[in-house]
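Before any comments, here is the structure.
Residue numbers (my numbering): 219 to 530.
What follows is the structure in structure tokens.
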């Protein structure tokens, strides 16, 4: 998931670099048209069509339609990555309500630290983003969170198949909305002026971010609880900030760096790598009680036939 978060973090800079004069919804339609081509080589996932449609509507159409519009309206790549990752909170909340996946105390703590980190970075950026763009980016995060829960509930065995086939939901509505909002003349001009920037950006976002990134992400969501997978995505804004700094000259200030550090700590806390230290008295009690408990429970833990049957 760390590699996926890195791919997705750099994704924001690539989108901003490649969009140029292409209308945002048309650019998103081109991306998912390329992803959809893989359905000729990938079998349809063994889930109901309504599940494929729901994942595509939330994770492809909704998330990226809102995100591309937010970037078009002036939200910087680094800030967009931060606001979009409100999806971590939306996912945990929706999963707890819809799937009864109660988050652990460590996950709640880690998510809380991540949210604080997001607010710290957003405050450090001074709110330099149009209100409409901010609202669209929050809607993108909400749509992504809902899509995560649908993907988790589907238990699809192959993340790539679900990614590819759900992408087929997005191109036609995105193109229709672009024709309606931007007009046929702007759509035709955008296609003519796509250029190498747009082509390379589409190849990166469609190939690495969608086909590779979401295939891994959906596969992990189908196998593990949402609270163990989703918090890793909070690392994407750190990569987005670093790449924006290196390639666009958007140098982060002290608040952005502090917020990014909180995001990293939050992810480590959700995975149990960082734990709250216990009191000395409790540690001593555990040290005295542990040998006695382990002796009593030894006969029950040793189940050699079961372990052997699994390995075979």
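The C-beta atom is built at its ideal place from N, Cα and C for all residues, glycine as well.
- Just measuring C-alpha positions, the residue of 368, 266, 365 and 454 sitting nearest residue 481 is 454.
- Apart from sequence neighbours up to five positions away, the residues of its chain that approach residue 382 with a beta-carbon distance below 6 Å are 256, 257 and 260, ordered along the chain.
- According to the DSSP assignment, residue 377 belongs to the alpha helix (DSSP H) that extends over 377-385.
- As the crow flies, the alpha-carbon of residue 244 is around 29 Å from that of residue 439.
- Taking a C-beta distance under 8 Å as the contact criterion, residue 478 and residue 447 do not qualify as a contact pair.
- It is roughly 11 Å from the alpha-carbon of residue 315 to the alpha-carbon of residue 364.
- Setting aside the 5 residues that flank it on each side, residue 461 is surrounded in the same chain by 227, 228 and 231, each with a C-beta closer than 7 Å to its C-beta; the list follows chain order.
- Of the candidates 234, 367 and 410, the residue whose Cα lies closest to the Cα of residue 306 is 367.
- Three or more beta-carbon pairs drawn from the region 401-415 and the region 235-250 are found closer than 8 Å, and the two stretches are therefore classed as touching.
- Across the set 253, 278 and 222, the C-alpha of 278 shows the shortest separation from the C-alpha of residue 388.
- Classified as buried, residue 286 has 16 or more neighbouring CB atoms from the shown chains inside 10 Å of its CB.
- Secondary structure at residue 388: coil, using DSSP grouped into helix, strand and coil.
- The C-beta separation of residue 385 from residue 253 comes to about 4 Å, placing the pair in contact by the 8 Å criterion.
- Around residue 265, the same chain offers 372 and 374 as residues with beta carbons nearer than 6 Å, after the five sequence neighbours per side are excluded.
- The Cβ neighbour count for residue 417, taken over all protein chains shown within 10 Å, is under 16; the residue is labelled exposed.
- Considering only 464, 459 and 484, the residue with the shortest C-alpha distance to residue 473 is 459.
- For residue 258, the three-state secondary structure derived from DSSP is helix.
- Annotation for residue 295: 230, 231, 234, 458 and 462 place their beta carbon closer than 6 Å to its own, counting only its chain and skipping 5 residues before and after.
- With at least 16 other beta carbons inside 10 angstroms of its own, residue 246 counts as buried.
- For residue 281, the enclosing alpha helix (DSSP H) covers residues 281-290.
- Considering only 304, 377, 242 and 284, the residue with the shortest C-alpha distance to residue 451 is 304.
- In this structure residue 377 is buried. Its beta-carbon is surrounded by 16 or more other beta-carbon atoms within 10 angstroms.
- In terms of Cα proximity to residue 269, the closest of 289, 427 and 380 is 380.
- Straight through space, the alpha carbons of residue 319 and residue 370 are spaced by roughly 11 Å.
- Spanning the alpha carbons of residue 426 and residue 281 requires a straight line of approximately 17 Å.
- DSSP places residue 442 in the coil class of the three-state scheme, outside both helix and strand.
- Non-local C-beta neighbours of residue 397 in its own chain, meaning closer than 7 Å and more than five positions away in sequence, comprise 405, ordered along the chain.
- Counting other Cβ atoms within 10 Å of its Cβ, residue 322 stays below 16 and is therefore classed as exposed.
- Looking at 248, 220, 317 and 223, the one whose alpha-carbon comes closest to that of residue 443 is 317.
- Distance between residue 435 and residue 223, taken at the CA atoms: about 10 Å.
- Contact annotation, residue 484 with residue 332: C-beta distance approximately 3 Å; criterion of less than 8 Å satisfied.
- Taken atom to atom, the span from the alpha-carbon of residue 292 to that of residue 262 is near 38 Å.
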